[in-house]
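Protein chains in written order, with my numbering: chain A, 336 to 457; chain B, 21 to 193.
Built from N, CA and C at the ideal position, the CB exists for glycine as well.
One structure below.
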Amino acid sequence: MKTKYTPFDIVLLIGILLLALLVAFLPNLLQKEAETLRITSENGEEFYTLGQAKTVEIASHGHKLTVQIESDGVYVAKSDCGDKICKNSGKIHKGGDVIICAPAGVRIELLSGKEEADYVVG
Amino acid sequence: MLSDNRERIRHLAFDAAFLGLALIFSYVEVLFPVSMLIPLPGFKLGLANTIVLWLAVNRTLWDAGVVSLLRVFIVAMLFGTPMSFWFSFGGAAFSFVAVVLVRRLRIFSYIGISTLSAAAHNFGQLVAASFLFGTRTILAYLPIMLVAAVIFGTLCGFLLNLIAPRIDKGVRT
Numbered sequence: 336m337k338t339k340y341t342p343f344d345i346v347l348l349i350g351i352l353l354l355a356l357l358v359a360f361l362p363n364l365l366q367k368e369a370e371t372l373r374i375t376s377e378n379g380e381e382f383y384t385l386g387q388a389k390t391v392e393i394a395s396h397g398h399k400l401t402v403q404i405e406s407d408g409v410y411v412a413k414s415d416c417g418d419k420i421c422k423n424s425g426k427i428h429k430g431g432d433v434i435i436c437a438p439a440g441v442r443i444e445l446l447s448g449k450e451e452a453d454y455v456v457g
Numbered sequence: 021m022l023s024d025n026r027e028r029i030r031h032l033a034f035d036a037a038f039l040g041l042a043l044i045f046s047y048v049e050v051l052f053p054v055s056m057l058i059p060l061p062g063f064k065l066g067l068a069n070t071i072v073l074w075l076a077v078n079r080t081l082w083d084a085g086v087v088s089l090l091r092v093f094i095v096a097m098l099f100g101t102p103m104s105f106w107f108s109f110g111g112a113a114f115s116f117v118a119v120v121l122v123r124r125l126r127i128f129s130y131i132g133i134s135t136l137s138a139a140a141h142n143f144g145q146l147v148a149a150s151f152l153f154g155t156r157t158i159l160a161y162l163p164i165m166l167v168a169a170v171i172f173g174t175l176c177g178f179l180l181n182l183i184a185p186r187i188d189k190g191v192r193t
């Protein structure tokens with residue numbers, strides 16, 4: 336084994352750092368723009384296409400949520416649940432992003448493809 | 021026959037001494053964790069791994085593997101938990117495979133082999149954690165773990181580059 340650093344050492348170090356960068360940004364590159372919104376609640380699943388601004392009222396497990404759909408994302412505008420985690424989750428806009436409201440049992444999820452929609456409301 | 025036995029005993033004592041040294045390095049890292057210097061929890065310098073690396077390069081893989089495995093067991097019993105055992109076992113196993121692959125290559129110095137070993141170790145830890153917690157999201161730590169491997173692996177490799185020639189001179193293996 337050599338005991339003085341070699342050019343290959345440097346190449347290896349840079350290679351591992353590049354790999355770290357790649358792994359760090361790969362999920363962002365693979366994430367597609369969302370096309371469909373799926374809301375799962377007590378009442379089952381509902382699908383919405385994104386694009387037009389729309390307000391959706393959800394009643395589930397004794398709680399009321401107001402979901403605001405806008406051209407650049409989806410957020411919970413109002414909720415009467417206790418912890419307000421859903422509201423504080425802010426606006427989601429990429430495929431795979433999720434907002435959960437645990438007290439109301441509501442899952443608000445953006446899907447990157449249209450194919451998963453059984454039917455589309457609105 | 022007699023000299024053969026003596027040779028074996030010498031070999032055993034030699035490995036035992038190196039295992040002791042590796043344990044002392046592990047203990048030093050428990051006493052003075054890296055987080056005392058920089059506020060990053062959970063990172064280790066990997067001093068004990070320098071012993072395993074030296075053995076893998078200068079002795080046989082058998083010596084390195086046994087010392088590494090025993091060190092993982094003993095450290096888990098002395099300072100660790102069942103959970104921490106699986107983390108270090110996963111790390112040590114991946115690291116060992118990486119060292120097996122590159123130990124005969126003449127292109128790297130100890131810096132290269134140490135960094136590769138550190139990167140494999142951290143990856144192995146994350147794989148072990150994914151299994152234990154049953155989730156893949158832990159792999160999101162991989163980038164920061166790889167950067168840490170480059171920093172700490174280079175430090176350890178640098179130390180080995182300095183020390184290995186002196187061991188070669190001082191130790192009749």
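Reducing DSSP to helix, strand and coil, say where residue i ends up.
| i | result |
| --- | --- |
| I127 (chain B) | coil |
| E450 (chain A) | Low local confidence applies: a pLDDT of 47 at E450 (chain A) is under 50, so the model's placement there is unreliable, and no value is given. |
| K189 (chain B) | helix |
| G379 (chain A) | strand |
| L43 (chain B) | helix |
| G132 (chain B) | helix |
| E27 (chain B) | helix |
| G417 (chain A) | coil |
| Y340 (chain A) | coil |
| K64 (chain B) | coil |
| T70 (chain B) | helix |
DSSP puts residue i in a beta bridge; with which residues?
| i | result |
| --- | --- |
| Q145 (chain B) | Answer by DSSP bridge pairing: none, since Q145 (chain B) is not bridged. |
| C436 (chain A) | A:V441 |
| H398 (chain A) | A:S395 |
| V409 (chain A) | A:I404, A:I427 |
| I374 (chain A) | A:E381, A:I443 |
| T390 (chain A) | A:Q403 |
Would residue i and residue j qualify as a contact pair, given that the criterion is a beta-carbon distance under 7 Å?
| i | j | result |
| --- | --- | --- |
| I208 (chain B) | D344 (chain A) | Given that chain B is displayed from residue 21 to residue 193, the structure contains no residue 208 (chain B) and the question cannot be resolved. |
| S134 (chain B) | V95 (chain B) | no |
| A169 (chain B) | N142 (chain B) | yes |
| I481 (chain A) | S376 (chain A) | For chain A, the structure presents residues 336 to 457; residue 481 (chain A) sits outside this window and is missing. |
| A355 (chain A) | V122 (chain B) | no |
| L400 (chain A) | V441 (chain A) | yes |
| V87 (chain B) | F38 (chain B) | yes |
| F107 (chain B) | A148 (chain B) | yes |
| I443 (chain A) | I374 (chain A) | yes |
Could you name the residues of chain B that residue i contacts, counting a contact when the two beta carbons are closer than 7 Å?
| i | result |
| --- | --- |
| L354 (chain A) | L166 |
| T338 (chain A) | S129, Y130, N181, A184, P185 |
| I351 (chain A) | T135, A139, L166, A169, V170 |
| D344 (chain A) | F128, S129, I131, G132 |
Listing by chain order, which chain B residues have their CB less than 9 Å from the CB of residue i?
| i | result |
| --- | --- |
| L348 (chain A) | I131, G132, T135, V170, G173, T174 |
Could you list which residues in chain A have their beta carbon closer than 7 Å to that of residue i, in chain order?
| i | result |
| --- | --- |
| L162 (chain B) | V358 |
| V77 (chain B) | M336 |
Give the residues of chain B in contact with residue i, contact being defined as C-beta atoms less than 8 Å apart.
| i | result |
| --- | --- |
| T371 (chain A) | Ordered by position in chain B, no residue passes the 8 Å Cβ test against T371 (chain A), which lies about 23 Å from the chain. |
Say whether the segment 406 to 417 of chain A touches the segment 33 to 46 of chain B, bearing in mind that this needs 3 or more beta-carbon pairs closer than 8 Å, one atom from each stretch. no
Check whether the segment 62 to 70 of chain B touches the segment 173 to 189 of chain B, counting contact only when three or more Cβ pairs, one atom from each stretch, lie closer than 8 Å. yes
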